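Q:
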């Protein structure tokens with residue numbers, strides 16, 4: 001295996017254009033024409049080849065690794081998995097997570113009384129998910145976070161709680177790295 | 181506290197026969213006690229040079245055929261607050277012909293952060309020194325155009341100094357600017 | 370300014386006939402034909418530039434201050450935002466610097482994946498640069514094909530790390546997630562699509578006489594001057610200097626892969642353009658070989674002081690749980706010292722200088738950004754040239770505001 005040095009070819013540039021750029025014109029028309037007819041045909045047969053996506057109407061395919069907004073995992077019992085250890089709060093580079101712990105008489109004694117994420121500051125880095133020792137906060141595929149007020153960008157615990165069965169893809173993806 | 185902030189000294193392991201790297205050997209042979217100390221932490225050859233000898237050291241680095249440092253890759257400073265001397269200006273050189281690197285550090289006193297400019301030897305120092313002046317307030321004497329590069333001229337202080345608070349706000353400038361920091365800052369919720 | 374020596378004797382002759390004065394023109398900070406947020410002040414004699422000054426800093430966000438106030442692993446999202454069109458290279462560079470500080474090396478699979486990540490990002494960088502260059506010279510269709518190819522490149526980003534731009538992929542001592550078994554087929558498919566679009570892109574531009582006329586013999590600077598100005602990357606290679614950090618001081622697995630460093634002869638904008646086109650080709654080669662040779666094994670360092678353990682162990686073992694808490698709250702603690710690690714970024718040598726005081730956050734983190742040094746070379750490059758030459762020259766410098774201003 002070797003790393004070589006090659007000299008780039010500039011000679012073919014000279015003749016590429018042809019007489020008065022005729023070649024260039026024909027080539028350009030061929031390329032753009034091919035794209036045009038491909039797109040037109042795709043539109044006629046109902047299988048659009050265009051790259052653009054009509055976003056709100058048409059959803060984009062997201063891979064399992066996709067990092068959308070962080071959400072809290074809700075167990076089947078309706079409780080959150082979070083035990084308010086505060087690691088995600090530590091890990092967050094922009095300090096957008098705010099937790100106030102509380103205690104109950106349940107089997108899992110600790111729970112977050114308050115769990116707020118300021119989505120106006122969150123940058124979807126996923127460090128909270130990586131830090132969490134309980135698989136309680138995961139990156140969902142949700143991305144619609146727009147709000148009309150600044151206060152509206154703060155998501156409270158009730159908004160963040162997402163049932164386990166709505167997150168199977170992400171949880172499977174996270175669990176792939178369990179035994180590393 | 182001051183002891184903790186002396187990375188260079190702590191990492192240094194002075195061998196009795198002097199530095200192993202031929203670059204550092206060459207510098208120590210040529211300048212003697214003007215080279216305050218040397219170390220090779222993780223293979224990065226580093227020499228700490230007295231301010232007075234900087235230009236001569238740089239000339240040797242550039243012109244000596246054995247060293248031939250034709251690239252001045254980076255100029256920056258480090259603020260070791262609480263330590264004497266407080267500042268250190270750090271130069272990173274690279275040699276295209278020899279494919280080796282060296283780091284030159286120049287300690288500077290807090291009350292006198294001045295250092296001769298190397299912009300006449302490497303034009304790349306022009307912007308890099310301006311940046312260092314902007315961020316750390318180190319004056320480069322003989323620089324052709326030493327003014328702030330990122331920030332505006334009215335900016336107060338030098339932001340990368342350790343005693344510059346991260347949250348500090350600057351007074352607004354320009355026409356119609358109100359020269360006070362709003363007490364109830366509505367940017368934080 | 371009439372007696373400026375740069376004007377030459379022909380201009381002096383004109384001056385006898387015409388009473389002229391230089392015109393001041395300020396391009397930017399937000400100008401449709403500039404590549405980033407930058408202000409270029411020009412003094413023009415007719416259409417010829419007699420004096421120029423570049424003002425940067427419009428995107429200064431205090432990258433270093435922000436990183437110094439956080440823990441080591443918290444700096445990764447910020448490094449994404451240095452050169453935001455090739456975020457993974459910044460991640461890799463920073464991770465390599467911190468690993469050098471620790472004196473550790475990541476497992477082979479991780480090295481291969483990091484190499485793929487770097488090259489994918491380099492393709493994204495070059496497609497953006499070339500596409501934007503075409504756009505600013507009036508070739509809008511070529512820009513669309515370039516950006517479409519970049520979207521496909523970002524699909525690979527997305528598959529690897531779950532984000533298209535703000536990747537945050539690499540970690541100290543590992544990467545955030547391993548790729549699945551279907552990765553090879555996915556990459557091969559995307560690379561084939563990208564190759565088609567690149568062919569279209571080349572066909573549109575490289576035979577176009579107008580485009581060639583605007584690029585040829587503009588922005589010339591001899592290589593001695595480029596070296597003195599600290600210019601690296603495609604700009605330097607276009608002038609015939611085969612300096613590439615990947616070749617000169619190999620890191621990751623670049624020395625185990627078959628690839629070439631393209632160099633130019635004249636060092637004008639056309640050479641720079643062709644170098645970038647060719648590097649897309651080389652990146653494709655590197656990615657294909659890496660995907661082919663991708664070894665099995667762990668991707669993360671098994672060292673609880675550097676890298677978080679797998680969640681399976683964190684959930685079930687006490688030591689790993691404690692290590693998880695300590696690592697997240699205190700950060701990895703490298704030994705006292707300082708290192709400089711250079712990687713080849715999209716536009717040249719990207720270096721990270723990290724000073725550690727033994728605590729969990731970097732005492733000093735400095736990014737030597739290629740865009741900064743390259744942008745400083747704009748003034749000599751356009752000196753004495755026509756006003757219209759500023760656009761292709763500045764395009765080929767490819768100043769990325771986030772990296773230049775940090």
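Chains as they are written, first to last, in the working numbering: chain A, 1 to 180; chain B, 181 to 369; chain C, 370 to 775. Just so it is clear, CB atoms sit at the ideal spot from N, CA and C, and this is done for glycine as well. Owing to the predicted nature of the structure, the values given are computational and were not obtained by experimental measurement.
By a C-beta neighbour count over all protein chains shown, 10 Å radius and 16 as the cutoff for buried, is residue 774 (chain C) buried or exposed?
A: Counting Cβ neighbours within 10 Å, residue 774 (chain C) comes out buried, since at least 16 surround it.
Q: Do residue 282 (chain B) and residue 268 (chain B) have their beta-carbon atoms positioned less than 8 Å apart in this structure?
A: Cβ distance not < 8 Å, so residue 268 (chain B) and residue 282 (chain B) don't count as in contact.
Q: What did DSSP end up calling residue 529 (chain C) once you bin it into helix, strand or coil?
A: In the structure shown, residue 529 (chain C) sits in a helix (DSSP, three-state: H, G or I).
Q: In the segment 268 to 326 of chain B, which residue ranges form an unbroken beta strand (DSSP E) of at least 3 residues, counting only runs that do not cross its ends?
A: Whole beta strand (DSSP E) segments, 3+ residues: 280 to 288, 294 to 296 and 319 to 321.
Q: Could you pull the start and end residues of the beta strand (DSSP E) that residue 254 (chain B) belongs to?
A: Its beta strand (DSSP E) spans residues 251 to 259.
Q: Using 8 Å as the limit for Cβ to Cβ distance, is residue 674 (chain C) near chain B?
A: It does not; no Cβ of chain B falls within 8 Å.
Q: Got a sec? Which residues, its chain only, sit under 8 Å from residue 102 (chain A) by beta carbon, not counting five neighbours each side?
A: The residues are 84, 110, 111, 112 and 113.
Q: Could you tell me whether the segment 583 to 590 of chain C touches the segment 696 to 703 of chain C, where touching means 3 or more Cβ pairs closer than 8 Å?
A: Contact fails: fewer than three Cβ-Cβ distances are below 8 Å.
Q: Following the continuous beta strand (DSSP E) through residue 66 (chain A), name the residue where it begins and the one where it ends.
A: No beta strand (DSSP E) holds residue 66 (chain A); DSSP gives it neither H nor E.
Q: Residue 115 (chain A) CB to nearest chain C CB: under 8 Å?
A: Not one chain C Cβ lies under 8 Å of residue 115 (chain A).
Q: Compare the C-beta of residue 272 (chain B) with all C-beta atoms of chain C and state if any pair is closer than 8 Å.
A: Closer than 8 Å: yes.
Q: Indicate whether at least one CB of chain C lies closer than 8 Å to the CB of residue 288 (chain B).
A: Chain C, which has no Cβ nearer than 8 Å to the Cβ of residue 288 (chain B), makes this no.
Q: The segment 83 to 117 of chain A: which residues have C-beta closer than 9 Å to a C-beta of chain C, in chain order?
A: Flagged, chain order: 85, 86, 87, 88, 90, 91, 92, 93 and 94.
Q: Using a 10 Å radius around the Cβ and a threshold of 16 neighbouring Cβ atoms, would you call residue 181 (chain A) buried or exposed?
A: Examination of residue 181 (chain A) is not possible in this model, given that chain A is present from 1 through 180 alone.
Q: Grab me the residues of residue 201 (chain B)'s own chain with a C-beta within less than 7 Å of its C-beta, minus the 5 sequence neighbours each way, in chain order.
A: Excluding positions up to five away in sequence, the list reads 220 and 225.
Q: Just verifying my parser: in three-state terms, what is the DSSP assignment at residue 225 (chain B)?
A: In the structure shown, residue 225 (chain B) sits in coil (DSSP, three-state: anything other than H, G, I, E or B).
Q: Taking beta-carbon pairs under 7 Å, can you tell me which members of the segment 297 to 316 of chain B lie near chain C?
A: Answer set for the segment 297 to 316 of chain B: 302, 303, 304, 306 and 307.
Q: Nearest-angstrom Cα distance between residue 745 (chain C) and residue 598 (chain C)?
A: One C-alpha to the other measures close to 8 Å.
Q: Determine which residues of the segment 36 to 61 of chain A have a Cβ less than 7 Å from any Cβ of chain C, and write them out in chain order.
A: The segment 36 to 61 of chain A vs chain C, Cβ under 7 Å: 51.
Q: Output the boundary residues of the beta strand (DSSP E) element that contains residue 722 (chain C).
A: Residues 718 to 725.
Q: Of all the options A:122, A:79 and A:27, which has the alpha carbon lying nearest to the alpha carbon of residue 98 (chain A)?
A: If we check each option's Cα against that of residue 98 (chain A), A:122 comes out closest.
Q: Please identify, using Cβ separations under 8 Å, the residues of the segment 209 to 222 of chain B that lie next to chain C, in order along the chain.
A: Within the segment 209 to 222 of chain B, the residues whose Cβ lies closer than 8 Å to some Cβ of chain C are 221 and 222, listed in chain order.
Q: At 9 Å on the CB atoms, spell out the chain C contacts of residue 251 (chain B), in chain order.
A: Residues of chain C passing the Cβ test: 596, 597, 599, 601, 612 and 718.
Q: Residues of chain C with CB closer than 7 Å to the CB of residue 144 (chain A), please, in chain order.
A: Near residue 144 (chain A) there are no residues of chain C at all, since even the closest Cβ is about 17 Å away, more than 7 Å.
Q: In this structure, does DSSP put residue 394 (chain C) in helix, strand or coil?
A: In the structure shown, residue 394 (chain C) sits in a strand (DSSP, three-state: E or B).
Q: Using the beta-carbon of each residue, which ones in chain A are nearer than 9 Å to residue 532 (chain C)?
A: Correct list: 65, 66, 67, 124, 125 and 126.
Q: Taking the alpha-carbon positions, what's the residue 173 (chain A) to residue 206 (chain B) distance?
A: So the alpha carbons of these two residues sit roughly 55 Å apart.
Q: Identify, in the order they occur along the chain, each residue of the same chain with its Cβ nearer than 6 Å to the Cβ of residue 573 (chain C), setting aside the five sequence neighbours on each side.
A: Only 511 meet the Cβ criterion.
Q: Does chain C have any CB closer than 8 Å to the CB of residue 3 (chain A)?
A: So yes, residue 3 (chain A) belongs to the interface.
Q: To the nearest whole angstrom, what separates the beta carbons of residue 596 (chain C) and residue 251 (chain B), a pair I think is in contact under 8 Å?
A: Contact holds; Cβ gap of about 6 Å.
Q: Check the C-beta distance from residue 73 (chain A) over to residue 67 (chain A) and give it rounded, since I have them as a contact under 8 Å.
A: Not confirmed; about 15 Å, so no contact.
Q: Which of the residues in the segment 127 to 140 of chain A, read from start to end, lie with their CB under 9 Å from any CB of chain C?
A: Listed by position, the residues of the segment 127 to 140 of chain A near chain C (Cβ gap below 9 Å) are 127, 130, 131, 132, 133, 134, 135 and 139.
Q: May I ask you to list, following chain order, the residues of the segment 419 to 430 of chain C that have a beta carbon less than 7 Å from some beta carbon of chain B?
A: Those residues of the segment 419 to 430 of chain C that come within reach of chain B (Cβ to Cβ, closer than 7 Å) are 425, 426 and 429.
Q: Roughly how many whole angstroms lie between the Cα atoms of residue 187 (chain B) and residue 735 (chain C)?
A: Confidence at residue 187 (chain B) is low in this model, with a pLDDT of 45, below 50, so its placement is unreliable and the value that follows should be read with caution. Cα to Cα, residue 187 (chain B) sits roughly 16 Å from residue 735 (chain C).
Q: Distance check for residue 405 (chain C) and residue 399 (chain C), CA to CA, integer angstroms please.
A: Using only the alpha carbons, I get a separation of about 8 Å.
Q: Rounded to the nearest angstrom, what separates residue 616 (chain C) and residue 7 (chain A) at their Cα positions?
A: Taking the straight line joining both Cα atoms gives about 16 Å.
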